[in-house]
Structure formats: structure tokens, C-alpha cells
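Student: End of the sequence shown sits at 862 in the working numbering; the numbers just go up one at a time, nothing left out.
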Amino acid sequence: MSEFVYAGTGQNIPKFCFPSLYDFVQRTREELQKPLSLPEYAIAGEAEPVKKVSDIIHDEPYKLRDTVNIALEQFSNNFQSGSLRPVPYREYPTLYRAAQFTVQTEKKFADLDVLIQIYRAKSKGDLYQAQAISYLNKAWLFISEHLFMQSNTDMLRDEEICFVLGHELGHAQCRHTVIRLLADKDLGSNVEYSADRAGMIVCAKRALALHPEMDTRQALGRAVLYCVAALDKLGLAYKGHTNWKDYDYDALEQKLQTWLDDPGKLPADSATHPCDERRALALYHFSQSEMLWRLLDLTPEGGLLTDSQLRHFMNTLLKK
543 MSEFVYAGTG QNIPKFCFPS LYDFVQRTRE ELQKPLSLPE YAIAGEAEPV
593 KKVSDIIHDE PYKLRDTVNI ALEQFSNNFQ SGSLRPVPYR EYPTLYRAAQ
643 FTVQTEKKFA DLDVLIQIYR AKSKGDLYQA QAISYLNKAW LFISEHLFMQ
693 SNTDMLRDEE ICFVLGHELG HAQCRHTVIR LLADKDLGSN VEYSADRAGM
743 IVCAKRALAL HPEMDTRQAL GRAVLYCVAA LDKLGLAYKG HTNWKDYDYD
793 ALEQKLQTWL DDPGKLPADS ATHPCDERRA LALYHFSQSE MLWRLLDLTP
843 EGGLLTDSQL RHFMNTLLKK
């Protein structure tokens, strides 16, 4: 059963303990009695590298444990002693509640035990970051403390935090960590669309729970806006923006409509991520799909995109 772990080693860098080699190999073999599977929301094109990783683990089950262990050690080496710690409820109640909600929501897509750690960033490039490392049914989420420090307490709404956490867990559920580590494969920027969908599922679920006065379509519309706002705010934060109380959601909604009206004028993607505008369009169309309604355990209404229509739209978007 999926679990959100509120535990750790206080102010010390946590020790990531794997099972004994014998137990690990046995558990790995049990896992491989069935092929490694992808969640339904994963975009087309992700199945082939997962199959490759499944074959590698089948032939060399120890390689997964050793490789992920090295990755975790490298991650820990980037931090000074005392820079990693569990999510303390009293200091970060919004993050704590969002973390619990996110893990409970996403457990239907992958059976993950999740350890969430706050870290203190040492460089500007890590100030507004969240990262995930995973193997089999274990996942570690590392979140920059700077996102939740006093000056940034109003930066992200509850639903937007759920999107950020859900996005990172989406990477874990889609096996992106082990694909990069074992298959030595550059997955490119398209995997961000799958992770965004995972974040959207949690954000939408949270919006529906927090806004029972809204009808379903209205709540999902707000969820899209919150997902896009999270992306926008992270970009603004790196530019030095700090006045989050006056963040203009109406202006963002108008921008989203502009991008929908003329998708041909979207900027180019970066080396590692699609541009936020293209991600916003993908999130919007996902919100209008039967797939999202199905994954939220809602009965699809008329006028929603079928799975084939959503796949066609994504294929068009990925060719840009």
C-alpha cells in the first residue's frame, strides 16, 4: 500500500536503506513476473524504454539497486550536513497536507512508498526545485525549502503545490528515473507532458474537494489555471518576483486563451523542457478529455475529447 512517510534523521542527511541483496533480488524477480507497466495517463512513446529497462532488470537484477544507490549518494553529496530533513508539519502545514493528499490520490496509478524531504538549496538554480528519485515501489521527493520560506508562503496555492508534487511523482510512476539510470537514455523533454498529467490529476482532485460549490467543468477549469499558474510562478520566482498576493489569475486566463487561439506562435522549447505555453495547451486539452474524467472516477459527459482525439492532439503538439 502506498505510504507517505513522515520520518527521517532530523538535521542529518538521511540514510537510504535498501533491502539485503538476497531480498532485493527476490523482490525484483517477483516484480518481473509481470512486465513493468505504465500508468494510463502516460503519453505515447514511453512504452519502448520501459520494456528495455524491464529486460535489463530481468538479466541483472542487482544493477537497479546499485545504480539507484549511487544516484542517491550523488544527490546527498550535493548538500551540506543538516540541509535535508523531513517535512515538519508545524513549519510547513500546507506542504504536509498537500503531500499526504498527493500520495493518497496517486496510489491508484502506482504502488509507491514515498519519502518526502525538504532541502536547503545552496545555489540559485536549486531555489525553486522539486526532484524525484525512484526504483521499483520506492520514491524519494526532494523539495526546495525556499518555496515555503517566510517570504514565499503565499507563492503557491494548495492546489498548485499538489500539481508540483504530483508532477514529480508522475516521473517516478512512469519509471523515468530508472530509464535514465539503467537504459542510459536521454528521454528528452516529452516526458514532462506525462508528469504534467499526473500533476493535473492531483490538482483537479484537490480543486474538486476544496470547491464543492463549483460544478465539475468549472472546477476542472480552475484546476487547469492552477497548473499553468504553478509553471508561471516558478518562472517568475527565478526572475525575482515576490508579490504573490497580487498574482493576476485573470490575466493568465487571457494568455491561455490567446495560446489556444493561435498555437502556431508558441515559442521554441528549451533543451530540457517544453515551453510553458505548449505545456499549458497540453494540460488544457487533457482537462477536456474523457481520460481525465475516467481517471478521476467521474462519468464522462458529452463533448469531451476521446482517447484517440487526445492522442492526435498530442502527436500534433509533439511535432512542433
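Ideal Cβ placement from N, Cα and C applies to all residues, glycine included.
Source: prediction; values computed, not measured.
Taking the alpha-carbon of Leu776 as reference, which of Lys807, Ile660, Ile703 has the nearest alpha-carbon?
Tutor: Comparing Cα positions, the closest option is Ile703.
Student: For Gly782, which option in Leu724, His815, Glu819, His688 has the closest C-alpha, if you only look at C-alpha atoms?
Tutor: Of Leu724, His815, Glu819, His688, the residue nearest in Cα terms is His688.
Student: Cutting at 6 Å between CB atoms, please list the residues of its own chain near Gln715, excluding the five before and the five after it.
Tutor: Taken in chain order, the residues that qualify are Pro581, Phe651, Ala652.
Student: If you check the beta carbons only, do Leu834 and Arg820 fall under 8 Å apart?
Tutor: Their beta carbons are not under 8 Å apart, which means Leu834 does not touch Arg820 by this criterion.
Student: Check whether the region 653–661 touches the region 624–632, taking contact to mean three or more Cβ pairs, one atom from each stretch, closer than 8 Å.
Tutor: Yes, since at least three Cβ pairs between the region 653–661 and the region 624–632 fall closer than 8 Å, the two stretches touch.
Student: For Ala740, which residues in the same chain have their Cβ closer than 7 Å to its Cβ, ignoring the five residues on either side in sequence?
Tutor: Cβ within range, chain order: Tyr583, Glu648, Gly708, His709, Leu711, Gly712, Gln715.
Student: Ends of the beta strand (DSSP E) at Val770?
Tutor: Note, Val770: premise wrong, no beta strand (DSSP E); alpha helix (DSSP H) at 758–780.
Student: Taking the CB atoms as reference points, tell me whether Pro591 and Ala725 lie closer together than 8 Å.
Tutor: Against a cut-off of 8 Å, the Cβ pair of Ala725 and Pro591 comes out as a contact.
Student: For Met856, does the three-state DSSP call read helix, strand or coil?
Tutor: Of the three classes helix, strand and coil, the one that applies to Met856 here is helix, per DSSP.
Student: Bridge partners for Trp682 per DSSP, in chain order?
Tutor: Partner(s): Leu657, Ile675.
Student: Does Arg748 come out as helix, strand or coil in the three-state DSSP assignment?
Tutor: Helix.
Student: In this structure, does DSSP put Arg627 in helix, strand or coil?
Tutor: Arg627: strand per DSSP, three-state reduction.
Student: Which same chain residues end up closer than 7 Å to Leu723 when comparing Cβ atoms and leaving out the 5 residues on each side of it in sequence?
Tutor: Here the set comprises Thr609, Val610, Ala613.
Student: Since Leu752 and Asp790 should fall inside the 8 Å C-beta cutoff, what is the C-beta to C-beta distance between them, to a whole number of angstroms?
Tutor: With 8 Å as the limit, Leu752 and Asp790 do not qualify as a contact, their Cβ atoms being about 21 Å apart.
Student: Taking only three categories from DSSP, how would you classify Leu846?
Tutor: Leu846: coil per DSSP, three-state reduction.
Student: Under the rule that 16 or more other beta-carbon atoms within 10 Å means buried, what is Ser562, buried or exposed?
Tutor: Classification of Ser562: exposed, given that the 10 Å Cβ count is below 16.
Student: What residues in its chain sit with their C-beta under 6 Å from that of Leu750, if we drop five residues either side in the sequence?
Tutor: These residues qualify, in order along the chain: Ala761.
Student: Of the choices Thr719, Trp786, His600, whose alpha-carbon is the least far from that of Glu572?
Tutor: Taking only the C-alpha atoms, the option nearest Glu572 is His600.
Student: Just how far apart, CA to CA, sit Ile598 and Ala589?
Tutor: Near 15 Å, if we compare the C-alpha coordinates of Ala589 and Ile598.
Student: Quick test of your reading: Glu832 and Pro816, contact by CB under 8 Å. State the CB separation rounded to the nearest angstrom.
Tutor: With 8 Å as the limit, Glu832 and Pro816 do not qualify as a contact, their Cβ atoms being about 23 Å apart.
Student: How would you label Tyr631, buried or exposed, when you count the other beta carbons within 10 angstroms and need 16 or more for buried?
Tutor: Its Cβ having fewer than 16 others within 10 Å, Tyr631 is exposed.
Student: Would you mind working out which of Ala674, Lys666, Ser665 sits nearest Val656, comparing C-alpha positions?
Tutor: The candidate whose alpha carbon is nearest that of Val656 is Ala674.
Student: With Met756 and Ser829 assumed to form a contact (beta carbons below 8 Å), what rounded beta-carbon distance in angstroms separates them?
Tutor: Actually they are not in contact, since the Cβ atoms of Met756 and Ser829 sit about 14 Å apart, beyond 8 Å.
Student: Which residues bound the alpha helix (DSSP H) around Asn611?
Tutor: 603–619 is the extent of the alpha helix (DSSP H) around Asn611.
Student: Can you check whether the CB of Tyr677 is closer than 8 Å to the CB of Thr636?
Tutor: No.
Student: Let's test the definition: count the other Cβ atoms within 10 Å of the Cβ of Tyr780 and tell me whether it reaches 16, buried, or not, exposed.
Tutor: By the neighbour-count rule (16 or more Cβ atoms within 10 Å), Tyr780 is not buried but exposed.
Student: Any idea if Ala813 is buried or exposed, counting beta-carbon neighbours within 10 angstroms, 16 or more meaning buried?
Tutor: So Ala813 counts as exposed.
Student: Could you tell me if Lys747 is buried or exposed, where buried requires 16 or more neighbouring beta carbons within 10 angstroms of its beta carbon?
Tutor: That one is buried.
Student: Please state whether DSSP places Ser831 in a helix, a strand or coil.
Tutor: Strand.
Student: What's the gap between the Cα of Gln646 and the Cα of Asp804?
Tutor: If I take the Cα positions, the gap works out to 38 Å.
Student: Does the beta-carbon of Thr570 have 16 or more other beta-carbons within 10 angstroms, so that it is buried, or is it exposed?
Tutor: The residue in question, Thr570, is buried, as its Cβ has 16 or more Cβ neighbours within 10 Å.
Student: Please classify Met742: does DSSP put it in a helix, a strand, or coil?
Tutor: Met742: helix per DSSP, three-state reduction.
Student: Is the beta carbon of Leu802 less than 8 Å from the beta carbon of Leu767?
Tutor: Cβ distance not < 8 Å, so Leu802 and Leu767 don't count as in contact.
Student: Assuming the contact rule is C-beta atoms closer than 8 Å, Ile585 and Ser736 should be a hit. Round their C-beta distance to whole Å, please.
Tutor: Confirmed, about 5 Å.
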